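Visitor:
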Amino acid sequence: MGRRKKRSREYPILKLIEQKEREAKELLNFYIDLKRRVEEIREKDDIQKVLALCVPGSFIEDLVLLTYKHTDIPPSIAFFSGMVLLGAKLTSMDVHTTLGKQKVYPNLWVLTLAPSGSGKTYAVKHIVGQAIDEIEEFPGTSTAAAAVKMLAEYPHKRRAVVLRDEVAQLFKMLRKDTYSDLKDFFLRAYDGGPIERQTKKDGLVKAEDVYLSFYGTTVLATFAQSLRAEDLLDGFFQRFLLHIAEEVDRIVPLYIVPSDKLEVAREKFHALIELTSDRDKHLPLTGEAVKLYEQWYTEFFNKEHESYYRRYMFASIRYATIYAALMGSDRVDIAHMGYALRAIDWHLVSLYEIMQSLAFDDYDLLVRRVEEYLKKHPDCTRREVVQGVWGIRTVKQLNAILELLALKGNRKAEELLSSTTRK
Numbered sequence: 001m002g003r004r005k006k007r008s009r010e011y012p013i014l015k016l017i018e019q020k021e022r023e024a025k026e027l028l029n030f031y032i033d034l035k036r037r038v039e040e041i042r043e044k045d046d047i048q049k050v051l052a053l054c055v056p057g058s059f060i061e062d063l064v065l066l067t068y069k070h071t072d073i074p075p076s077i078a079f080f081s082g083m084v085l086l087g088a089k090l091t092s093m094d095v096h097t098t099l100g101k102q103k104v105y106p107n108l109w110v111l112t113l114a115p116s117g118s119g120k121t122y123a124v125k126h127i128v129g130q131a132i133d134e135i136e137e138f139p140g141t142s143t144a145a146a147a148v149k150m151l152a153e154y155p156h157k158r159r160a161v162v163l164r165d166e167v168a169q170l171f172k173m174l175r176k177d178t179y180s181d182l183k184d185f186f187l188r189a190y191d192g193g194p195i196e197r198q199t200k201k202d203g204l205v206k207a208e209d210v211y212l213s214f215y216g217t218t219v220l221a222t223f224a225q226s227l228r229a230e231d232l233l234d235g236f237f238q239r240f241l242l243h244i245a246e247e248v249d250r251i252v253p254l255y256i257v258p259s260d261k262l263e264v265a266r267e268k269f270h271a272l273i274e275l276t277s278d279r280d281k282h283l284p285l286t287g288e289a290v291k292l293y294e295q296w297y298t299e300f301f302n303k304e305h306e307s308y309y310r311r312y313m314f315a316s317i318r319y320a321t322i323y324a325a326l327m328g329s330d331r332v333d334i335a336h337m338g339y340a341l342r343a344i345d346w347h348l349v350s351l352y353e354i355m356q357s358l359a360f361d362d363y364d365l366l367v368r369r370v371e372e373y374l375k376k377h378p379d380c381t382r383r384e385v386v387q388g389v390w391g392i393r394t395v396k397q398l399n400a401i402l403e404l405l406a407l408k409g410n411r412k413a414e415e416l417l418s419s420t421t422r423k
């Protein structure tokens, strides 16, 4: 009886490359760079990481410290939810910056992932929301037509914040074709619209200048299990900055957050809003701030990943605009961008951990196996690589990896891609 051939492991990401070549290859290249960056970030203690994001003496820092001292809730939840709510308030006040001729509002979309029972909702409602109050909230809706109609009738809702628990259910719902209109609504509500829908009762309904903020929470384990590799290429998912909350190794049986301390934080918030109301709402973006972002990005990532370069540039500018307002500045400068990049680093670590759960590390290993095989066998053909590298099943899958290596300047990969027959 012949020896059974060992079945090679399935790599869904290879199939994804075959379906959506450019986007998937760019995602995988970005992951390989991201892995190196994350290793440098994971050195500091968790509370120090969070405090490093906070402007000293600000109400955001107050909320982080109150959460840390009086609860066992991850303090980073207070930070990121606080920044989303503050960004929503500033957006409603028309605070913005510009990149070229494009207006950029500080409306953040952040998705917090934490274990069940970690106090995500409590932190938002009973700590952060008690200080950062008077925030316009966007009500839940299941149809795009209803959402657009509401925005048309109530213009102040166009700069509101979506607060959504168990947001994994929304992701699951928006995968269905029957909710494609609602998905399109959210995509347009991120950066200005316009959004229009035809209704039976009211005819054409239209809303312009829509800049919703979004803070969602869900259970990390549930989200990781339901996420698919192709979701990472979905436009709705890509709007979000991921935040995996740090673990807290102590138990506080009863949360007693001093009301007088919350009142101090609230007074600081109201003072900031009053100050901002009396100032120019346009905060110019300085060349030094943009240059700092470019230096940061090109130090760790390949600038050829254009979609990621732009995505994190706008995310950084949004954060930097919030920091500029928080620090009472009349422009978005290098110091504000420096703070912003610290926040982006946290999001990158979270994205990396989610990609790890989707076996991107295994794929990275597969790429390195092919690279090593090409070094040891400089005269090999593509078919020989398929036969010699465990995990590669077809020439088409190999070609996807060769294209990644070719982008990094691998001459042998370029040679194999250009040849169609064995020499």
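Following our numbering, the numbering of the sequence shown begins with 1 at its first residue and continues without gaps. Even for Gly, the Cβ is constructed at its ideal location relative to N, Cα and C. From a predicted model like this one, the values you see are computed outputs, not experimental measurements.
For V124, which residues in the same chain have their Cβ closer than 6 Å to its Cβ, ignoring the five residues on either side in sequence?
Guide: Answer for V124: S81, listed in chain order.
Visitor: Determine, using beta carbons only, whether V161 and A114 come nearer to each other than 7 Å.
Guide: No, they are not a contact pair.
Visitor: Considering only the alpha carbon of each residue, which of F79, K183, A152 lies closest to L204?
Guide: Minimum Cα distance to L204 is reached at A152.
Visitor: Taking the alpha carbon of T112 as the reference point, which residue from S307, Y105, I32, Y215 has its own alpha carbon closest?
Guide: Closest by alpha carbon: Y215.
Visitor: Around the Cβ of D333, are there at least 16 other Cβ atoms within 10 angstroms (buried) or fewer (exposed)?
Guide: Result: buried.
Visitor: The alpha helix (DSSP H) with H433 in it runs from where to where?
Guide: There is no way to answer for residue 433, as the model of the chain reaches only from 1 to 423.
Visitor: Short of 6 Å in beta carbon distance, which residues of its chain neighbour P284, apart from the five on each side in sequence? Order them along the chain.
Guide: Cβ within range, chain order: R331.
Visitor: Would you mind giving the Cβ-Cβ distance between I401 and L366, rounded to the nearest angstrom? I have them listed as a contact below 8 Å.
Guide: Yes, I401 and L366 are in contact; Cβ-Cβ is about 7 Å, under 8 Å.
Visitor: Should F314 be labelled buried (16 or more other beta-carbon atoms within 10 Å of its own) or exposed?
Guide: Answer is exposed; the Cβ neighbour count stays below 16.
Visitor: Take every Cβ of the region 49 to 65, pair it with every Cβ of the region 254 to 268, and state whether three or more of those distances are shorter than 8 Å.
Guide: Taking 8 Å as the limit for Cβ pairs, the verdict is that the region 254 to 268 does touch the region 49 to 65.
Visitor: If you follow the beta strand (DSSP E) that A207 is in, where does it begin and where does it stop?
Guide: It spans 203 to 207 - the beta strand (DSSP E) in which A207 sits, taken as one unbroken run.
Visitor: Ends of the beta strand (DSSP E) at E196?
Guide: That run of the beta strand (DSSP E) goes 195 to 199.
Visitor: Within the region 142 to 167, note down every full beta strand (DSSP E) run reaching 3 residues or more, in order along the chain.
Guide: Listed in chain order, they are 161 to 164.
Visitor: Exposed or buried, what is V38 when buried is set at 16 or more other beta-carbons lying within 10 Å of its beta-carbon?
Guide: Classification for V38: buried.
Visitor: For H70, which residues from the same chain have a beta carbon less than 8 Å from its beta carbon, with the 5 sequence-adjacent residues on both sides left out?
Guide: Excluding sequence neighbours, H70 sits near V252, Y255, I256, V257, P258.
Visitor: Between V148 and F185, how many whole angstroms is the CB-CB distance? I'm expecting something under 8 Å.
Guide: Going by Cβ atoms, the distance from V148 to F185 rounds to 7 Å, so yes, they are a contact pair.
Visitor: Kindly list the residues whose CB is nearer than 6 Å to the CB of K412, restricted to its own chain and excluding five residues on each side of it in sequence; keep chain order.
Guide: Cβ within range, chain order: L374.
Visitor: Can you grab the Cα-Cα spacing for the pair L341 / K35, in whole Å?
Guide: The straight-line gap from Cα to Cα measures roughly 17 Å.
Visitor: Which residue marks the beginning of the alpha helix (DSSP H) containing Y319, and which one marks its end?
Guide: Looking at the DSSP string, the run of the alpha helix (DSSP H) that includes Y319 is 306 to 326.
Visitor: So for L441, helix, strand or coil by DSSP?
Guide: Any question about residue 441 goes unanswered here, given that the chain covers just 1 to 423.
Visitor: Leaving out five residues before and five after M150 in sequence, what residues of the same chain have Cβ atoms less than 8 Å from its Cβ?
Guide: Hits under 8 Å: P139, T141, K157.
Visitor: Taking the C-alpha atoms as reference points, what is the distance between E136 and K206?
Guide: Looking at the two C-alpha atoms, the distance is approximately 20 Å.
Visitor: Is the beta carbon of V167 less than 7 Å from the beta carbon of T218?
Guide: Cβ atoms of V167 and T218: closer than 7 Å.
Visitor: How long is the line joining the alpha carbons of S357 and A224, rounded to whole angstroms?
Guide: Cα to Cα, the separation comes out at about 7 Å.
Visitor: Does the Cβ-Cβ distance between V55 and P75 come in under 7 Å?
Guide: No; because the gap between Cβ atoms is not below 7 Å, this pair is not in contact.
Visitor: Which parts of the region 203 to 289 are runs of the beta strand (DSSP E), unbroken and 3 residues or longer, counting only runs that do not cross its ends?
Guide: You should have 203 to 207, 213 to 219, 241 to 244.
Visitor: Mark M355 as exposed unless 16 or more other C-beta atoms lie within 10 angstroms of its C-beta, in which case mark it buried.
Guide: M355 comes out buried.
Visitor: Give the C-beta separation of T143 and L182 to the nearest angstrom, bearing in mind that I take them to be a contact with Cβ-Cβ under 8 Å.
Guide: With 8 Å as the limit, T143 and L182 qualify as a contact, their Cβ atoms being about 6 Å apart.
Visitor: Beta-carbon within less than 6 Å of R369's beta-carbon, same chain only, minus the 5 sequence neighbours each way: which residues are those?
Guide: Within the same chain, R369 has close Cβ partners V389.
Visitor: Name the DSSP bridge partner or partners of W109?
Guide: BP columns for W109 point to F214.
Visitor: If you follow the alpha helix (DSSP H) that V386 is in, where does it begin and where does it stop?
Guide: Its alpha helix (DSSP H) spans residues 382 to 388.
Visitor: Who does A114 pair with in a DSSP beta bridge?
Guide: Bridge partners of A114: V219.
Visitor: Just to confirm, is the Cβ distance from T321 to Y211 under 7 Å?
Guide: Their beta carbons are not under 7 Å apart, which means T321 does not touch Y211 by this criterion.
Visitor: How many angstroms separate the CA atom of S180 from the CA atom of E384?
Guide: Those two C-alpha atoms are separated by around 44 Å.
Visitor: Where does V124 fall in DSSP's three states?
Guide: Three-state DSSP puts V124 in a helix.
Visitor: Among the candidates H305, I73, D231, whose CA atom is the shortest distance from the CA of N29?
Guide: Cα-wise, what sits closest to N29 is H305.
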